[in-house]
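Asker:
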Amino acid sequence: MTTIGDPTGVTVQDAILRADKVTMRFGGLIANREVDFVIPRGGIVSLIGPNGAGKTTFFNQLTGMLQPTSGEITFEDTSLVGRTPHEIVELGVGRTFQNIRLFGAMTVLANVMVGHHVRMKASWWGSLLRLPAVRAEEEATRQRARELLEMVGLSRRYEEDWAKNLPYGDQRRLELARALASEPKLLLLDEPTAGMNPGETAQMTELIMRLRDELDLTVLLIEHDMKVVMGISERITVLDHGELLAEGKPDEIRANPSVIEAYLGKGATTA
Amino acid sequence: MDPLMRRAIITGLLGGAAVIHIGLIGMIDAFQSRDTIADVLTLGALLPILIALLIGWRSGGPMRAPHIIPTGRRAVALGALGGGTTGLVITALALFTTTIDVRWILSNASPSLAEELWYGQGAALGSVLVIVVSAAAGAAGAALHVIPGTIARALTVGGITAILVALMEPFVVAVLRNIGLRFLEGIFYAQGGLTLIGFVLVFAITAAGTYAWATRGRETKQRVAAMPPDRRRTGKLVVYFVLTAFLLVLPQIVGSRLSEVVGTVGLYILLGLGLNIVVGFAGLLDLGYVAFYAVGAYTTAVLTSAASPAFSPELPFFGALPFVIVAAMLIGLMVGTPVLRLRGDYLAIVTLGFGEIARILFLSAWAQPLVGGAQGILSVPPPIPFGRDPQSIYYPILFFCILAAVAARSLQGSRVGRAWNAMREDESVAEATGINTVTYKLLAFGLGAAFGCISGALFATKIGTVFPVSFDLLVSINALALIILGGMGNIAGVIVGALVLVGLPELLREFSEFRLLIYGMVLVTMMLLRPEGLLPSRSRRAELHEREDAEDQYEDEAGEETGQPVVTT
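Residue numbers (this note's numbering), protein chains in the order written: chain F, 66 to 336; chain Z, 113 to 681.
1. Give me the chain F residues within the contact set of Ala516/Z, using Cβ-Cβ distance strictly less than 8 Å, ordered along the chain.
2. With a threshold of 9 Å between beta-carbons, can Arg530/Z be considered close to chain F, or not?
3. Val284/F and Ile109/F look like a contact to me (Cβ under 8 Å); what is the Cβ gap, rounded to whole Å?
4. Let's see if you can read the secondary structure: which residues bound the beta strand (DSSP E) around Ala189/Z?
5. Between the Cα of Leu490/Z and those of Pro434/Z, Ile437/Z, Leu415/Z and Phe435/Z, spot the shortest distance and give me the residue it belongs to.
6. Should Lys333/Z go down as buried or exposed, given a rule of 16 or more other Cβ atoms within 10 Å for buried?
7. Alpha carbon to alpha carbon, how far is Asn262/F from Lys120/F? Give it in angstroms, no decimals.
8. Measure the C-alpha to C-alpha separation of Gly395/Z and Val407/Z and round it to an integer number of angstroms.
9. Run through chain Z and tell me which residues come within less than 7 Å of Glu155/F, C-beta to C-beta.
10. If we ignore side chains and look at the alpha-carbon of each, how far apart do Val285/Z and Phe623/Z end up?
11. State yes or no: is the C-beta of Gly136/F within less than 9 Å of the C-beta of Val87/F?
12. Does DSSP classify Asn230/F as helix, strand or coil?
13. Are any of the Cβ atoms in chain F nearer than 9 Å to that of Val438/Z?
14. Using 9 Å as the limit for Cβ to Cβ distance, is Ser220/F near chain Z?
15. Please classify Ala486/Z: is it buried, with 16 or more other beta-carbons within 10 angstroms of its beta-carbon, or exposed?
16. Taking a Cβ distance cut-off of 9 Å, strictly less, list which residues of the segment 173 to 184 of chain F are near chain Z, in chain order.
17. Tyr301/Z by DSSP, collapsed to three states: which one?
18. Starting from Pro249/F, trace the alpha helix (DSSP H) both ways and give me its first and last residue.
19. Work out the CA separation of Thr412/Z and Leu510/Z for me, nearest whole Å.
20. Cβ atoms of Phe300/Z and Gly310/Z: under 9 Å apart, would you say?
21. For Ser582/Z, tell me which candidate among Leu611/Z, Leu559/Z, Val550/Z and Gly467/Z has the shortest Cα-Cα distance.
22. According to the neighbour-count rule (16 or more other Cβ atoms, all chains shown, within 10 Å of its Cβ), is Met600/Z buried or exposed?
23. How big is the Cα-Cα spacing for Ile153/F and Tyr405/Z?
24. For Thr121/F, return the contacting residues in chain Z, with the cut-off set at a CB-CB distance below 9 Å.
25. In the DSSP assignment, find the unbroken alpha helix (DSSP H) run with Leu309/F in it and report its ends.
26. Have a look at Ala129/Z and Val350/Z and give me their C-alpha separation to the nearest angstrom.
27. Determine whether the Cβ of Ala170/F lies closer than 9 Å to any Cβ atom of chain Z.
28. Among Pro508/Z, Gln503/Z and Gly298/Z, which one has its Cα closest to the Cα of Pro495/Z?
29. Could you give the distance in angstroms between the alpha-carbon of Met280/Z and the alpha-carbon of Leu225/Z?
30. Tell me, to the nearest whole angstrom, how far the beta carbon of Thr376/Z is from that of Ala278/Z; I am working on the premise that it is less than 8 Å.
31. Which runs of the alpha helix (DSSP H) at least 4 residues long sit entirely within the segment 389 to 442 of chain Z? Give them in chain order.
32. Classify Lys86/F as helix, strand or coil using the three-state DSSP reduction.
33. Report buried or exposed for Ile607/Z, applying the criterion of at least 16 other Cβ atoms within 10 angstroms of its Cβ.
34. Within 10 angstroms of the Cβ of Phe358/Z, are there 16 or more other Cβ atoms? Answer buried if so, exposed if not.
35. Check Asp538/Z in the structure and name its three-state DSSP category.
36. With 9 Å set as the bound, which would you pick, yes or no: does the beta-carbon of His151/F sit closer than that to a beta-carbon of chain Z?
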C-alpha cells in the first residue's frame with residue numbers, strides 16, 4: 066500500500082490533466098469514490114482495474130459525458146466540470162470508445178472529417194452560399210483526413226466504403242483517426258486492443274507510441290491486456306471498486322501485492 | 113409438399129384474395145372505363161393480370177427459409193402455378209357472383225363483374241381464359257428472375273411507363289396539342305388509352321433506353337468523368353441550360369390544368385425539401401411539420417391581404433416574405449428548444465402535438481382578431497408581378513424550389529450536413545466527437561421551418577385564401593410519406609416522391625374514390641420491397657441493405673451488373 070499515499074504528490078512537473086477527489090454516484094451505487102489522478106504531459110498512462118472498477122465511468126467524466134457528483138477535473142488549468150462533451154473536445158481532449166462507435170452509414174473519409182468538425186470555421190450560411198473560404202476549408206479538411214487515414218494505416222482504397230463494412234481491426238484504426246482529427250492534446254483510448262489478435266495488438270501498440278511521438282500527444286488508455294499495459298505505459302493507475310488502489314511505474318504495479326490480489330491474479334508475479 | 117409449391121399456391125391464393133377485394137369494392141368496374149390499350153385491354157381487365165404477374169414474380173423468386181432459389185423452368189413453372197391459382201380464385205369469384213345474388217350486401221358482386229373478369233366471354237370459355245391468362249402472367253412474372261437482371265429491369269420499367277402513359281392519356285394529348293405534335297396523337301392514342309402500336313412503341317423505347325443505360329451507363333459516366341474539366345463544365349452548363357429552358361416553358365407546354373397540378377407538386381417539393389433537412393439529414397422525426405406551413409401561409413395572409421382583420425398597411429408578397437421567414441424560424445426554434453432532449457418516438461409524438469396545437473390556435477376564438485378563426489383570411493393577393501393563374505404562379509414556386517434544392521444540396525455536402533448526418537447516426541458520439549448537438553438540432557428545425565413556411569406562403573397566394581382546415585395532419589403525413597417514398601436524405605428523391613404521391617393522384621382524379629386505398633397500397637408495397645425509397649441516398653441504402661450492399665460494392669468494383677441467380681435447389 067506504499068504507493069497510494071498522495072498520488073497527486075508524485076513529482077509531476079507539467080501535468081496536462083488533474084483529477085481531484087472525483088466522485089460519481091448513481092443513486093446508491095458509487096462508481097468512483099474520491100479518485101485522484103494526474104497525467105503528465107507527453108506521457109502514456111494506463112488506467113486498469115477489474116471489470117466494474119469504474120474505469121469507463123471515470124473516462125466519461127473526463128470527456129463530459131457524465132458530470133461528477135463531486136470533485137474537480139482540470140485540463141491545462143481549465144476546469145472540465147460542467148462542460149459539455151463538445152466543449153471538452155474543443156479544449157483538446159479526444160477519445161475512442163470501448164465498443165467501437167463509428168458513424169456506420171457514413172463513409173470512412175466522412176467519419177474522419179466529422180472528427181475535424183470542431184476545428185472548422187464554416188458557418189451554416191457560409192456553407193449554404195458555398196463561399197470560397199468554406200470550400201477551401203472543406204478541401205483542406207479532406208486532405209487532412211486522408212493524411213490521418215494513412216497515418217493510422219488505413220488504405221486509400223477504403224475511403225469511400227461504409228465505415229461499418231470495414232474489418233474489425235480497421236474500425237478501431239478508423240475510430241482512432243476520427244479522434245485524431247479533432248487535433249487533441251490528450252487522447253483517451255478505451256480498450257484500443259480489445260478483440261484483436263496478438264499480431265494486431267502489437268501493431269496497435271506500436272501505432273499508439275508512434276502517434277504520441279509524431280503528434281505530441283499525451284495518451285491515457287484503459288486496457289485489459291496486461292502485456293500491452295506493461296509494455297506501453299509510463300505510469301499505471303489501478304482502480305478497484307471505484308477507488309484508487311495503486312499508482313506507479315509498471316514495475317511497481319507488477320510488484321504491488323494488493324494489486325495482484327485484486328486484479329492480476331496469482332500468475333502475474335511470475336509474468 | 114414441396115415448400116416452393118406450397119408457397120406458390122399460398123401466394124396465388126393471396127393474389128386471389130386481392131382480386132376479390134378490389135372486385136368487390138368496385139375498383140375493377142370503375143377502371144373498366146379506361147383503356148390501357150384501346151379495344152384490347154381495359155385498365156379494369158389489366159388489374160387482375162398485374163396481380164397475377166406480381167404473384168408469379170413472388171412465387172418464382174428466391175425463398176428465405178428454407179433457403180432455396182428456384183432456377184430456369186422450375187421458377188417459371190412455379191410462377192405459372194401461383195398465377196394459375198390466382199386465376200382459379202378469380203374464376204370462383206366470377207362463378208359466385210353469377211350464381212348467388214349477394215348484391216343486397218355487396219353491391220358490386222354482380223354478373224357484370226363476372227363479365228368483366230371473364231373478358232366478356234361466357235362462363236366456360238371465360239373461366240379457361242382467365243386461368244390461362246393468369247398462369248401466363250404468373251409465368252412471365254417468374255421469368256423476370258430467370259432472365260438477366262438488366263433485361264428484367266428494362267422490361268419492368270418499360271411496362272410501368274407504358275401503363276402510366278396510357279393512364280395519362282388526357283394530359284399527354286393536351287400536351288401534344290400544345291406543342292404542335294398533334295399528328296402523334298393519332299399514332300399513339302385512341303379515345304381512353306394508347307393504341308396497340310402506341311403501347312408497343314412506348315414500351316419498346318423505354319425498355320431499350322433503360323437497357324442501354326444499364327449496360328452502357330457506367331461507360332458513359334466514366335467517359336464523362338475522363339473528360340477534361342473545362343469540357344465537363346461546358347457539358348454541365350448545357351444540361352443545366354436545357355433543363356432551365358424546359359422548366360421555364362413547362363406551363364405553356366402543359367396548359368393551365370396541368371400547371372395547376374405542377375404548382376401543387378412544387379409546393380410539396382418545397383415542404384419535402386424542408387422536412388428532409390429535419391428528418392432526412394438530422395434524423396429528427398417531426399410529425400408536426402404542417403405547423404410551419406400554416407405559419408407561413410397565415411403570416412403571409414396577415415401581412416399582405418387587405419381583408420386580414422389585423423395589420424392594415426398591406427405589404428407586397430416579396431416585401432412580406434422576409435418577415436414570414438423570420439417568423440417561421442422563430443417558431444422553429446420555439447418548437448425545437450423544448451424537444452432538444454427528446455429522441456425518436458418521443459420527439460415524433462411531441463411534434464405531432466405541436467402540429468395540432470398550431471391548427472387549433474389558428475382556429476381559436478383567442479386568435480380570431482388576428483387570423484380570422486374559422487372564416488380564415490380572404491383575398492390574399494398573388495405575388496407581384498405574377499398573377500394567380502396556375503401558369504404564372506408556377507414561376508415563383510419554381511424559383512423557390514430551385515433555390516431550396518440548391519441550398520439543401522450545399523448544406524448536405526458541407527460541414528453542417530456532415531454534422532447532421534453524424535447526429536442522425538449516433539447523437540451522443542456526435543457530441544463526443546465535438547459537434548454541438550444543441551445548435552445543430554435548432555439549426556435543422558430553424559432551416560426546415562424556413563423552407564416549410566415559404567411553401568405555406570406560396571400556398572396562400574396560390575389559393576388566395578387561408579383557412580385552418582387546410583392545415584391538418586394529412587399535410588405532415590403527406591410530406592413525410594413523400595420523402596420516405598422518394599428516398600430519405602436525397603434531394604432528387606424528394607422531387608420524385610412529390611411527383612408520385614402528389615402529382616399522380618391529382619392526375620387520376622376520376623379514380624379519387626380509391627385514392628387513399630392506392631396510396632396505402634403504394635406505401636406498404638414500397639416499404640416491403642424497397643424500404644430505402646425510389647432514389648435513396650447512399651447512406652440510407654447502406655442502413656437498410658447491409659448484407660446486399662457489401663456484395664454490391666465488390667460488384668461495383670469489378671464493374672459488373674447484377675447477374676442472374678445461379679444457385680440450384
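Beta carbons: idealized from backbone N, C-alpha and C, even for Gly.
Answerer: Let me lay it out:
1. Along the second sequence, read from residue 1 onward, the residue named residue 516/Z stands at position 404. Those within 8 Å of Ala516/Z in chain F number zero; the least Cβ separation is about 11 Å.
2. For the purposes of this step, residue 530/Z is taken as residue 418 along the second sequence, with counting starting at 1. Nearest CB-CB separation between Arg530/Z and chain F: below the 9 Å threshold.
3. The residue you call residue 284/F lines up with position 219 of the first sequence. The residue you call residue 109/F lines up with position 44 of the first sequence. Confirmed, Cβ separation roughly 5 Å.
4. Looking up residue 189/Z in the second sequence gives position 77. For Ala189/Z, there is no enclosing beta strand (DSSP E); the residue is found in the alpha helix (DSSP H) stretching over Gly184 to Thr211.
5. In the second sequence, counting from the first residue as 1, residue 490/Z sits at position 378. Of the residues Pro434/Z, Ile437/Z, Leu415/Z and Phe435/Z, the one whose Cα lies closest to the Cα of Leu490/Z is Leu415/Z.
6. As a working mapping, residue 333/Z is identified with position 221 in the second sequence. Flag for Lys333/Z reads exposed.
7. Residue numbering aside, residue 120/F sits at position 55 when the first sequence is read from its first letter. Residue numbering aside, residue 262/F sits at position 197 when the first sequence is read from its first letter. The alpha-carbon separation between Lys120/F and Asn262/F amounts to approximately 23 Å.
8. Counted from its first residue, the second sequence places residue 395/Z at position 283. Counted from its first residue, the second sequence places residue 407/Z at position 295. Spanning the two alpha carbons is a distance of roughly 23 Å.
9. Taking the first sequence and counting its residues from 1, the one referred to as residue 155/F is at position 90. Within chain Z, Gly546 have C-beta atoms less than 7 Å from the C-beta of Glu155/F, given in sequence order.
10. If you number the second sequence from 1, residue 285/Z lands on position 173. If you number the second sequence from 1, residue 623/Z lands on position 511. When rounded, the distance between both Cα atoms is 19 Å.
11. Stepping through the first sequence from its first residue, residue 136/F is reached at position 71. Stepping through the first sequence from its first residue, residue 87/F is reached at position 22. With respect to Val87/F, Gly136/F sits close: the two C-beta atoms are nearer than 9 Å.
12. Against the first sequence, residue 230/F aligns to sequence position 165. Note: Asn230/F maps to helix in three-state DSSP.
13. Counted from its first residue, the second sequence places residue 438/Z at position 326. So no, Val438/Z is outside the interface.
14. The residue given as residue 220/F occupies position 155 in the first sequence. No, Ser220/F does not count as interfacial toward chain Z.
15. Here residue 486/Z refers to the residue found at position 374 of the second sequence. Exposed, since its Cβ has fewer than 16 Cβ neighbours within 10 Å.
16. Hits within the stretch, in order: Ala175, Asn176, Met178, Val179, Gly180, His181, His182, Val183 and Arg184.
17. The residue you call residue 301/Z lines up with position 189 of the second sequence. Residue state, collapsed to three classes: strand.
18. Here the question's residue 249/F lines up with position 184 in the first sequence. Counting along the chain, Pro249/F falls outside any alpha helix (DSSP H), and DSSP gives it neither H nor E.
19. In the second sequence, residue 510/Z corresponds to position 398, counting from 1. In the second sequence, residue 412/Z corresponds to position 300, counting from 1. Each residue's alpha carbon lies about 18 Å from the other.
20. For the purposes of this step, residue 310/Z is taken as residue 198 along the second sequence, with counting starting at 1. For the purposes of this step, residue 300/Z is taken as residue 188 along the second sequence, with counting starting at 1. A distance below 9 Å separates the beta carbons of Gly310/Z and Phe300/Z.
21. Here residue 582/Z refers to the residue found at position 470 of the second sequence. Checked all of Leu611/Z, Leu559/Z, Val550/Z and Gly467/Z; the closest Cα to Ser582/Z is Gly467/Z.
22. Position 488 of the second sequence holds residue 600/Z. When all chains shown are included, Met600/Z counts as buried.
23. Along the first sequence, one-based indexing puts residue 153/F at 88. Along the second sequence, one-based indexing puts residue 405/Z at 293. For Ile153/F and Tyr405/Z, the distance between alpha carbons rounds to 38 Å.
24. Sequence index remark: in the first sequence, residue 121/F carries index 56 (1-based). Those within 9 Å of Thr121/F in chain Z number zero; the least Cβ separation is about 13 Å.
25. Numbered from 1 along the first sequence, position 244 holds the residue referred to as residue 309/F. Leu309/F: not part of any alpha helix (DSSP H); member of the beta strand (DSSP E) spanning Glu308 to Gly313, first to last residue.
26. The residue given as residue 129/Z occupies position 17 in the second sequence. The residue given as residue 350/Z occupies position 238 in the second sequence. Straight-line Cα distance between these residues: approximately 52 Å.
27. Residue mapping note: residue 170/F aligns to position 105 of the first sequence, counting from 1. Interface flag for Ala170/F against chain Z is set, since a Cβ pair is found closer than 9 Å.
28. Your numbering for residue 495/Z matches position 383 in the second sequence. If we check each option's Cα against that of Pro495/Z, Pro508/Z comes out closest.
29. On the second sequence, residue 280/Z is found 168 positions in, with the first residue counted as 1. On the second sequence, residue 225/Z is found 113 positions in, with the first residue counted as 1. Straight-line Cα distance between these residues: approximately 25 Å.
30. Here residue 376/Z is taken as the residue at index 264 of the second sequence, counted from 1. Here residue 278/Z is taken as the residue at index 166 of the second sequence, counted from 1. The beta-carbon distance between Thr376/Z and Ala278/Z, rounded to whole angstroms, is 23 Å. This is too long to meet the 8 Å contact definition.
31. Qualifying alpha helix (DSSP H) stretches, in chain order: 402 to 416.
32. Mapped onto the first sequence, residue 86/F falls at position 21. Strand.
33. Working through the second sequence from its first residue, we reach residue 607/Z at position 495. The residue is buried, with at least 16 neighbouring Cβ atoms inside 10 Å.
34. Your numbering for residue 358/Z matches position 246 in the second sequence. Exposure of Phe358/Z is indicated by the presence of fewer than 16 other C-beta atoms within 10 angstroms of its C-beta.
35. Reading the second sequence from its first residue, position 426 is the one you call residue 538/Z. Judged by DSSP in its simplified three-state form, Asp538/Z adopts coil rather than helix or strand.
36. Indexing the first sequence from 1 puts residue 151/F at position 86. Yes, contact with chain Z.
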